[in-house]
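Quick note, the sequences are listed as chains A and B, same order.
Throughout the first sequence, residue numbering follows this note's numbering, covering -12 to 176 in sequence.
Throughout the second sequence, residue numbering follows this note's numbering, covering 114 to 389 in sequence.
Please read the structure below before turning to the comments.
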Amino acid sequence: MYSALVIGASAGGLKAITQILAQLPSSYPLPIAIVQHRLADHTQLLVELLNANTELTVVEPYSGQKLQPGFVYIAPGGYHLLIERTQQFSLSVDSPVCYAIPSIDVLFESAAVSYAQQLIGLVLTGANSDGSIGLQRIREYGGLCIVQDPDSAEEASMPKAALKLTKADHTLPLEKIADLLLQLASSGT
Amino acid sequence: MQKKDSLEFEINHLLEAILYQYGYDFRHYARASLERRVLNRLHLADLQHVTELTSKILHDPEYFDLFLKDMSITVTEMFRDPSVFKAIRKSVCSRLRTYSRVNIWHAGCATGEEVYSMAIMLQEEDLLSRTQIYATDFNNHSLTIAKEGIYPAEKMQLFTENYQSAGGQASFADYYQAKYQFAKFKDSLKKHITFANHNLIKDQVFASMHLVMCRNVLIYFDQQLQNQVLGLFQESLVHRGYLVLGDKETLEFSAVDKSFESVDTNARIYRIKTDV
Ligand SMILES: C[S@@+](CC[C@H](N)C(=O)[O-])C[C@H]1O[C@@H](n2cnc3c(N)ncnc32)[C@H](O)[C@@H]1O
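In structure tokens, the structure reads:
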């Protein structure tokens, strides 16, 4: 049974994330943590934008906050977002990873350790290679890996990089991803 | 038999070894980012297990030094979060002006960018001449850079933009000398700054302060350690003294919450309450 979902997106990500979140009901049982690359100071805007298009509650997490179902947590600009073993968030201003802060790898790697087999990782559109090492770590720890089909992605390099390093459990076009996420969340205990 | 993930155990063991041998207590640092740093080092050193690293660190002080350096690689910049400096200018500087001598403590000053920003602001507020700034960190590598006050010239564009958004009133270029690829901040600023090694976890209060700046340090600590360090700041502050935290840090949920009032919530500026 899965207990958390982590998503990484870069260029083209806002549209992709909006589309996925729009299809998830407020009762969606997994907390969702997202890193979307962007310029540092647009977090509030991003949170508002996403909130307007989903039944879930989108917030910027504070450090020490526990992950809870019904919430979507957006990594704040200028900080890395990590998940502790206690399944609480923490933040750091360590060096950028893949030129990015927040970085997808940083979130994914910490989440992999924290949630192990109970984690779903999803890499979406983007024009760099952030997230590929993180996804590999999720696989190592027994989590489930989903990658957006590069052909359907606005920017193909990030999903491509992820697929190059890790065999995904599912490679799907954007419009099929939300269905799979719903199915996975309700499948067996 | 399925193998257990021993990483957590090995890291605990490493931290115990460091405490035993060097007296540095990292046990209450937020684990996820610490773990990341340790694994990076493992990778760079071409080692397989954290236990191998532990053995090296335990027996070789130079390796420990490397660990310390790893533990404080960060990004910092001048006038980071310009609106905070603007808020300090507005709400704090006028109060500081009522004192004939002012002490300011930058705890966790890293490579010094924040400290020079403060000195520049104080100069423009006509406060620098009466101020002594103490800038401390537990990382000597960072302190060496901070003392020199020399930064890559390519950063000056960002720093200049920040300076202006922070309410800077002069030409930023007046504060440094550009030489080759570097910018060296002026001695007239440095004259008022004392850089020193200070470990927030084990060292004591060393002077009484009118303002303590501790930004983006507490995020690395667990709640218990945060409370301990906040207690230290409280002890160090004069009656009605100010405390400024980082953008993602708050006194809410902390043990000292009741002793401070919020001066500017967004800028994370706090002040010791009158009745304590
Ligand atoms: C992210 S930097 C903060 C720099 C600056 N204040 C800013 O906000 O840009 C964090 C600093 O805290 C320092 N630090 C961490 N633990 C410390 C401790 N126990 N004692 C003193 N400094 C510490 C690190 O060495 C690092 O330089």
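Even for Gly, the Cβ is constructed at its ideal location relative to N, Cα and C.
- Note on His305 (chain B): 16 or more other CB atoms within 10 angstroms of its CB, so buried under the neighbour-count rule.
- Restricting attention to beta strand (DSSP E) runs no shorter than 3 residues, the region 12 to 47 of chain A encloses them at 19 to 23 and 44 to 46, ordered along the chain.
- Using a cutoff of 6 Å, the CB of Phe346 (chain B) does not count as near ligand 1, since none of the ligand's heavy atoms is closer than that.
- The Cβ of Ala200 (chain B) sits no closer than 7 Å to any Cβ of chain A.
- Neighbours of Val93 (chain A) in chain B, taken as residues whose beta carbon is under 9 Å from its own, are Ala145, Ser146 and Arg149 in chain order.
- Exclusion of the five residues before and after Gln74 (chain A) leaves Lys53, Leu54 and Ser101 as the residues of its chain whose Cβ lies within less than 7 Å of its Cβ.
- Contact annotation for Asp81 (chain A) against chain B: Ser146, Arg149, Arg150, Ile186, Thr187 and Val188 [CB-CB distance below 8 Å, chain order].
- When DSSP states are grouped into helix, strand and coil, Val197 (chain B) belongs to the helix group.
- Counting the other CB atoms within 10 Å of its CB gives Pro48 (chain A) a total of 16 or more, which places it among the buried residues.
- In the assembly as shown, Pro160 (chain A) is an exposed residue. Its beta-carbon has fewer than 16 other beta-carbons within 10 Å.
- Residue pairing from DSSP places Asp250 (chain B) in a beta bridge opposite B:Asn310.
- Within the region 125 to 144 of chain B, Ala143 and Arg144 place their CB atoms closer than 8 Å to a CB of chain A, listed in sequence order.
- Residues of the region 48 to 62 of chain A with a C-beta atom less than 8 Å from some C-beta of chain B are Tyr49, Ser50 and Gly51, listed in chain order.
- Inclusion of Leu69 (chain A) and Ser146 (chain B) in the CB contact set at 7 Å is warranted, their separation being smaller than that value.
- Around the beta carbon of Thr257 (chain B), a 10 Å sphere encloses fewer than 16 other beta carbons of the protein chains shown; the residue is thus reported as exposed.
- In chain order, Tyr128 and Gly129 place their CB closer than 6 Å to the CB of Ala103 (chain A), counting only its own chain and leaving out the 5 sequence neighbours on each side.
- Contact between Val376 (chain B) and Ser204 (chain B) holds, with the beta-carbon distance rounding to 5 Å and staying under 8 Å.
- Contact with chain B is absent for Glu162 (chain A), since none of that chain's Cβ atoms lies less than 7 Å from the residue's Cβ.
- With a cutoff of 7 Å on beta-carbon distance, Gly113 (chain A) and Ala(-2) (chain A) are scored as near each other.
- Taking the CA atoms as reference points, Ala200 (chain B) sits about 40 Å from Phe177 (chain B).
- For the set B:Ala291, B:Lys371 and B:Gly280, the Cα lying nearest the Cα of Lys386 (chain B) is the one of B:Lys371.
- Nearest to Ser119 (chain A) by alpha-carbon distance, out of A:Ser139, A:Ala155, A:Ser14 and A:Ile88, is A:Ala155.
- Taking the beta carbon of Glu96 (chain A) as reference, the chain B residues within 8 Å of it are Arg149, listed in sequence order.
- One finds Ala145 and Ser146 in chain B with Cβ atoms closer than 7 Å to the Cβ of Leu69 (chain A), taken in chain order.
- Runs of the alpha helix (DSSP H) lying entirely within the region 258 to 296 of chain B and spanning at least 4 residues, in chain order: 269 to 278.
- Taking the Cα of Gln337 (chain B) as reference, the smallest distance to any Cα among B:Leu358, B:His323 and B:Ile314 is reached at B:Ile314.
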